[in-house]
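Asks: For the record, the sequence lines run as chains U and W. Take any residue in the first sequence, count from 1 to its spot, add 2: that is its number in our numbering. Take any residue in the second sequence, count from 1 to its spot, add 2: that is its number in our numbering. For reference, the structure I am asking about is given below.
Protein chains: 2
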Amino acid sequence: MATNQLNIGLFGFGVVGKGLYDVLHSTPTLQSTIKRICIKNPEKKRSIDAAHFTTDAQELLNDNDINVIVELIDDSVAAFDIVRTALQNGKAVVSANKKMIAEHFEELLALQEKYQTPFLYEASCCASMPIIRNLEEYYDNDLLQSIRGIINGSTNYILSKIFDEQLEFNAALLQAQQLGFAESNPKLDIGGFDAANKLAILLAHSFGVVAKTNAFLFNGIENISLNDATVAKEKQFAVKLVANAQKLNNGKLAAFVLPQFVAPSDDLYHVKNEFNAVTTESTFSDKHFFKGKGAGAFPTASAVLSDISALRYDYKYEYKKIHHQTDTVLSNDFYLKVFVSVDDISKLNKDAFEWIEEWHNELRFSWLTGVIHAGKLFESDWWKQPGVSLILYPNAIIEDVEYRKISKRSLELAGVV
Amino acid sequence: MATNQLNIGLFGFGVVGKGLYDVLHSTPTLQSTIKRICIKNPEKKRSIDAAHFTTDAQELLNDNDINVIVELIDDSVAAFDIVRTALQNGKAVVSANKKMIAEHFEELLALQEKYQTPFLYEASCCASMPIIRNLEEYYDNDLLQSIRGIINGSTNYILSKIFDEQLEFNAALLQAQQLGFAESNPKLDIGGFDAANKLAILLAHSFGVVAKTNAFLFNGIENISLNDATVAKEKQFAVKLVANAQKLNNGKLAAFVLPQFVAPSDDLYHVKNEFNAVTTESTFSDKHFFKGKGAGAFPTASAVLSDISALRYDYKYEYKKIHHQTDTVLSNDFYLKVFVSVDDISKLNKDAFEWIEEWHNELRFSWLTGVIHAGKLFESDWWKQPGVSLILYPNAIIEDVEYRKISKRSLELAGVV
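Dropping the structure here:
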């Protein structure tokens with residue numbers, strides 16, 4: 003069994019970088035050593051000897067001894083520069099930077115192809131869970147119907163605290179940040195950007211679709227209020243931020259990241275705090291459910307380590323779906339059953355709905371449930387403004403609408419005029 | 003991306019063989035065709051043209067056109083002959099026969115080594131779930147602490163029916179058989195042999211331990227009664243047949259398959275009917291939970307198909323744990339907290355217990371909870387006889403017994419003399 007000795011150049015020494023350093027030093031069988039660590043701020047106090055560090059990226063990128071670059075920095079622009087140069091210099095690269103990967107997926111594919119250097123990024127989705135590897139290696143022949151999951155640990159932590167402990171949003175966010183579950187810029191998490199980046203990456207590995215996040219619907223959890231939580235509980239639901247990609251009857255792919263009501267019979271209902279989970283559905287193997295820690299230094303470091311270990315055996319992604327399933331395209335031509343609440347009725351765009359099913363009007367908190375076309379949501383912003391929550395129902399996708407056009411009429415009857 | 007054209011010789015055309023045939027014909031991208039099918043009984047009516055079939059194994063094993071043998075027969079002795087000859091003849095082999103694999107693990111390792119031919123068997127454990135592949139490829143560097151799961155779909159189906167629908171054991175077994183979830187010899191399932199075979203295979207891939215099933219404790223669910231179910235429910239538990247391998251503080255490995263009380267907070271509690279599930283615990287990635295269908299024609303065929311697909315890329319198991327973790331050995335030197343019920347008090351071997359915690363004596367149904375040494379269970383049979391149920395408590399393993407030797411005394415006080 004031929005294995006490669008790996009000499010690692012590490013970029014970044016935050017919680018994950020430090021976690022990786024600790025993990026590598028507890029796993030001597032790995033034949034891998036961190037030769038040098040590039041950091042931004044040399045003044046910061048570190049837990050290990052200053053001799054390990056440099057602020058000069060070129061020192062790592064041009065070192066012929068270093069055959070693996072592990073990129074764990076926050077700044078996605080600088081990260082892409084590092085990764086591009088490393089691949090050009092024939093170095094294998096491991097990254098956890100979902101933002102950078104999602105934004106540059108096509109260029110990164112081309113770089114891997116051109117320089118025949120492996121680029122692995124298991125830690126970019128669901129931290130310790132081997133979801134990319136399984137999509138790439140295992141679900142490659144079965145006919146995948148859908149992939150659906152909770153793929154942002156920070157928002158799931160916040161939602162769990164709002165629901166189980168009635169914490170206010172900001173208090174829950176602060177806790178998540180203190181525990182190291184949140185991105186350094188919390189907007190990435192709570193605005194849904196992080197989950198959208200991950201979904202973009204998963205789309206490539208599950209359905210062979212290379213798409214930027216602006217190609218599909220997504221939103222975060224910033225506007226979810228304790229009032230929304232109360233309605234959810236009355237309906238026996240929890241609220242989760244759910245990423246979803248599902249084959250439609252017409253062969254196209256519906257994809258979105260949106261808050262969703264989740265029933266107790268749904269495996270995702272029981273996924274709490276910083277845990278992530280993914281459900282796959284395929285024609286023959288049926289439903290698979292996978293749950294693990296989706297945030298935190300060690301779980302993320304462990305996924306990085308798993309990539310490093312795979313490099314010892316010359317593993318690289320083959321991108322089989324991209325090469326073989328070239329015909330799958332995204333579509334917003336379907337309907338969604340949604341719950342929408344507003345703190346001010348003037349914010350509600352009632353014309354957007356196909357029909358309304360429930361309507362409740364209270365002082366500073368009105369809500370309805372109804373059916374809306376995904377394309378209309380995609381093209382509008384009213385449902386993202388402060389004071390408006392849009393939450394999907396379970397099994398939200400409706401493909402064949404028998405035009406029960408009671409919509410406008412029911413709005414009139416309900417007095418929403 | 004170089005891929006191999008696969009010409010398959012298939013042994014067996016039962017539910018799984020037929021499922022595979024159907025699946026292969028729905029997946030043309032796979033570049034794989036079934037050239038010939040070897041069956042035992044040519045008289046049996048089949049759903050496809052008789053020209054596909056032969057009863058002569060040599061026709062497949064000596065056909066130079068055939069480069070992959072897929073072995074899906076029941077008879078483990080005949081299966082091993084087929085697999086050995088195929089590997090000797092330089093053909094890759096895919097099998098789902100856990101009994102054959104567990105019984106011949108060492109010989110099969112040697113054959114793969116000697117003839118450098120791949121032998122894949124993902125379908126042998128948990129059907130469609132890629133558990134072997136993940137243990138082999140992903141959990142190879144992290145420090146695995148335990149693997150625990152429901153790995154027999156048929157017994158889980160039966161236990162679900164006993165618990166949720168108050169079915170009697172035999173009625174539930176009949177249902178499982180009619181649905182094709184049970185082995186053709188039900189004793190393999192309900193006696194725990196099937197789960198034990200799977201645990202033996204998983205031990206090799208998770209901890210590098212090559213052991214036959216007679217090296218560890220196991221039992222099935224034949225003696226679980228509706229009375230036991232009632233006690234479990236009073237205690238808010240479900241009963242599951244759980245396979246467990248756990249690193250002890252002394253570095254040795256505890257391994258067993260036994261019925262267990264499972265609390266609602268345990269992910270396994272929610273695994274019902276023919277579903278299987280596995281929980282891994284490791285130092286850095288923490289807990290992972292994986293659930294999927296563990297029985298049925300298509301889920302099993304889908305795992306077989308995944309192996310076939312992997313052969314196209316020359317995949318083979320590296321058995322990294324076996325080669326790198328040679329120091330892990332099994333041990334029965336630990337204690338277990340158990341529930342034991344008897345229909346006749348004379349069947350209870352009270353001397354076996356370290357101490358007793360609860361004691362209930364009813365007409366034809368007495369039960370106790372207490373602590374017992376695993377080594378003593380391993381060396382005795384009284385707890386397996388008809389009329390006796392032994393069910394583990396949650397977190398059953400006790401390593402450091404502070405010798406609370408109230409045992410004999412408490413038995414006397416309880417009147418068990």
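Don't be surprised by glycine CBs; every beta carbon is placed ideally from N, CA and C. Quantities reported herein were computed from a predicted structural model and do not represent experimental measurements.
1) Which residues, in order along the segment 126–137 of chain U, keep a beta-carbon less than 9 Å from a beta-carbon of chain W?
2) Does any C-beta atom of chain B lie closer than 7 Å to the C-beta of W:Y395?
3) Could you tell me which uninterrupted beta strand (DSSP E) segments, each at least 3 residues in length, are contained entirely in the segment 32–69 of chain W, listed from first to last along the chain?
4) So with CB distances below 7 Å, who are the chain W contacts of U:V18?
5) Taking 7 Å as the threshold (C-beta atoms), are U:L379 and U:H219 in contact?
6) Hey, W:V390 and W:V344 are a contact pair by Cβ (cut 8 Å); roughly how many whole angstroms apart?
7) Do we get a CB-CB distance below 7 Å when we pair U:Y140 with the residues of chain W?
8) For chain U, find out if any of its Cβ atoms is closer than 7 Å to the Cβ of W:D288; answer yes or no.
9) Is it buried or exposed for W:Q262, if we count other Cβ within 10 angstroms and need 16 for buried?
10) Provide the residue span of the beta strand (DSSP E) that contains W:L8, from first to last.
11) Should W:F300 be flagged as near chain U, meaning a C-beta pair shorter than 7 Å?
12) Of all Cβ atoms in chain W, is any one closer than 7 Å to the Cβ of U:S34?
13) Determine the contact status of W:T302 and W:A129, defining contact as a CB-CB distance below 7 Å.
14) Is any beta-carbon of chain U found at less than 7 Å from that of W:G294?
15) Which partner residues of W:Q262 appear in the DSSP bridge assignment?
16) For U:D219, does the three-state DSSP call read helix, strand or coil?
17) Between which residues of its own chain and U:H325 is the CB-CB distance below 8 Å, once the five residues before and five after are set aside?
18) If you check the beta carbons only, do U:I134 and U:K242 fall under 7 Å apart?
19) Does the beta-carbon distance from W:S227 to W:L146 come in below 7 Å?
20) Against chain U, with Cβ distances strictly below 7 Å, would W:S227 count as a contact?
21) Taking C-alpha atoms, which residue in W:W361, W:K254, W:Q90 lies nearest to W:T328?
22) Check whether chain U comes within 7 Å of W:V25, counting only Cβ atoms and requiring the distance to be less than that.
23) Can you have a look at U:D346 and say buried or exposed, based on whether 16 or more other CB atoms are within 10 angstroms of its CB?
24) Would you check if the distance between the CB atom of U:Y432 and the CB atom of U:Q90 is smaller than 7 Å?
25) Report the rounded CA-to-CA distance for U:V212 versus U:F195, giving the unit in angstroms.
26) Nearest chain U C-beta to W:F1 closer than 7 Å, yes or no?
27) Hey, is W:A98's beta-carbon within less than 7 Å of any beta-carbon in chain U?
28) Below 8 Å, how does it come out for the segment 297–311 of chain U and the segment 283–292 of chain W: are there three or more Cβ pairs, yes or no?
29) Can you say whether W:K189 is buried or exposed, counting buried as having 16 or more other CB atoms within 10 angstroms of its CB?
30) By the DSSP assignment, the alpha helix (DSSP H) with U:F300 in it spans what residues?
31) What is the residue span of the alpha helix (DSSP H) that W:S78 lies within?
32) Show which residues of chain W have a CB atom less than 8 Å away from the CB atom of U:H54.
33) Between the segment 247–277 of chain U and chain W, which residues of the former have a C-beta closer than 9 Å to a C-beta of the latter?
34) Below 8 Å, can you find three or more Cβ-Cβ pairs linking the segment 7–14 of chain W to the segment 65–82 of chain W?
35) Does any C-beta atom of chain W lie closer than 7 Å to the C-beta of U:S49?
36) Is it right to say U:Q248 is buried, meaning 16 or more other beta carbons lie within 10 angstroms of its own, or is it exposed?
Replies: From the atom records:
1) A129, S130, M131, P132, R135, N136
2) No chain B is present in this structure, whose protein chains are U and W.
3) 34–40
4) Here the premise fails: no neighbours, minimum Cβ distance about 11 Å.
5) At residue 219 of chain U the sequence reads Leu, which differs from the His that was named. Yes. Within cutoff.
6) Contact between W:V390 and W:V344 holds, since their C-beta atoms are separated by about 5 Å, short of 8 Å.
7) yes
8) It does; some Cβ of chain U falls within 7 Å.
9) It counts as buried.
10) 8–13
11) yes
12) The C-beta of U:S34 comes no closer than 7 Å to any C-beta of chain W.
13) yes
14) yes
15) Paired residue(s): W:K242, W:L394.
16) Here residue 219 of chain U turns out to be Leu, not Asp, going by the sequence shown. DSSP places U:L219 in strand when its eight states are reduced to three.
17) Same-chain partners within the cutoff: G210.
18) no
19) no
20) no
21) The closest CA to that of W:T328, considering only W:W361, W:K254, W:Q90, is found on W:K254.
22) yes
23) exposed
24) Outside the displayed range of chain U (3 to 419) lies residue 432 of chain U, so it cannot be described from this structure.
25) 17 Å
26) Outside the shown range of chain W, which is 3 to 419, sits residue 1 of chain W, and nothing can be said about it.
27) Interface residue (Cβ-Cβ distance to chain U less than 7 Å): W:A98 is not classified as such.
28) yes
29) W:K189 is exposed by the Cβ-count criterion.
30) 299–313
31) 78–90
32) Going along chain W, no residue has its Cβ under 8 Å from U:H54, so there is no contact; the nearest lies around 21 Å.
33) The segment 247–277 of chain U vs chain W, Cβ under 9 Å: D269, H272, F277.
34) yes
35) no
36) buried
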